[in-house]
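J.: A single structure is presented below for examination.
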């Protein structure tokens, strides 16, 4: 089964209240290294067969027309992620 | 300036109403190739200097403890994205 990952972020000039909330919370919780945070969206689109160039193009159009709001958001990546593990890999915390 | 990207997805066994809404909408809008959609989150953490192994480790801890809810979400990736363009690249639609 194929998979396309679509990544969407608020445009740089758009206020991002969720990111602002996170960047305010991090130092209070001991995470002092981060000077800015932006929060966006990540979609996984499942495909029954292989991810062909046509399907990737359809995913790009869906990303621009359905998955993002082009007034306030940028589609930053549309990627064939079929090779990745079917179950999400953990971040590898010890 | 460095940047760490954190990607968070709902656990596979958790109902994802946003993803369900999208997968229902896509075929009505002409996108018929996608059999499933899951919606998660993507964070960009800015760092003033370089992304050292220590900062990446701090980002991993922040991802598990602040940016995700470990009961319902998995941290699927914590990546040094400093090499990426400072402005989000468009998906390259013609």
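Chains as they are written, first to last, in UniProt numbering: chain A, 1 to 94; chain B, 1 to 94.
Even for Gly, the Cβ is constructed at its ideal location relative to N, Cα and C.
Note that the structure is predicted; figures quoted are calculated from it, not measured.
(1) Examine chain B for any beta-carbon lying closer than 8 angstroms to the beta-carbon of residue 55 of chain A, and answer yes or no.
(2) Are there three or more Cβ pairs, one per stretch, closer than 8 angstroms when the region 37–52 of chain B is compared with the region 43–60 of chain A?
(3) Verify whether the separation of the beta carbon atoms of residue 73 of chain A and residue 20 of chain A is less than 8 angstroms.
(4) At the 8 angstroms Cβ level, is residue 21 of chain A part of the contact set with chain B, yes or no?
(5) Could you check which residue in A:26, A:83, A:70 has the C-alpha nearest to that of residue 14 of chain A?
(6) For residue 89 of chain B, collect the residues of the same chain with a Cβ closer than 7 angstroms to its Cβ; drop the 5 residues on either side in sequence, then sort them by chain order.
(7) Using a Cβ-Cβ cut-off of 8 angstroms, state whether residue 25 of chain B counts as contacting chain A.
(8) Determine, for residue 83 of chain A, whether the minimum Cβ-Cβ distance to residues of chain B falls below 8 angstroms.
(9) Cβ of residue 48 of chain B less than 8 angstroms from any chain A Cβ?
(10) Under 8 angstroms: do the region 75–82 of chain A and the region 1–9 of chain A share three or more Cβ pairs, one atom per stretch?
(11) Since residue 75 of chain B and residue 67 of chain A should fall inside the 8 angstroms C-beta cutoff, what is the C-beta to C-beta distance between them, to a whole number of angstroms?
(12) Mind checking which residues open and close the beta strand (DSSP E) that includes residue 45 of chain B?
(13) Find the residues of chain A that neighbour residue 13 of chain B, judging by a C-beta separation of less than 7 angstroms, and give them in chain order.
(14) Need the endpoints of the alpha helix (DSSP H) that residue 76 of chain B sits in, please.
(15) Distance check for residue 83 of chain A and residue 17 of chain B, CA to CA, integer angstroms please.
(16) How far does the beta strand (DSSP E) with residue 30 of chain B in it reach, from first residue to last?
T.: The short version:
(1) yes
(2) yes
(3) no
(4) no
(5) A:70
(6) Note that residue 89 of chain B scores 43 on pLDDT, short of 50, meaning its location in the model is unreliable; the coordinates nonetheless yield the value given after this. Closer than 7 angstroms at Cβ, skipping near neighbours: no residue.
(7) yes
(8) no
(9) yes
(10) yes
(11) The pair is not a contact, with the Cβ atoms about 21 angstroms apart (cut-off 8 angstroms).
(12) 34–47
(13) Those within 7 angstroms of residue 13 of chain B in chain A number zero; the least Cβ separation is about 10 angstroms.
(14) It is not in any alpha helix (DSSP H) - residue 76 of chain B instead sits in the beta strand (DSSP E) that spans 73–80.
(15) 26 angstroms
(16) Unbroken run through residue 30 of chain B: none, as it is neither H nor E.
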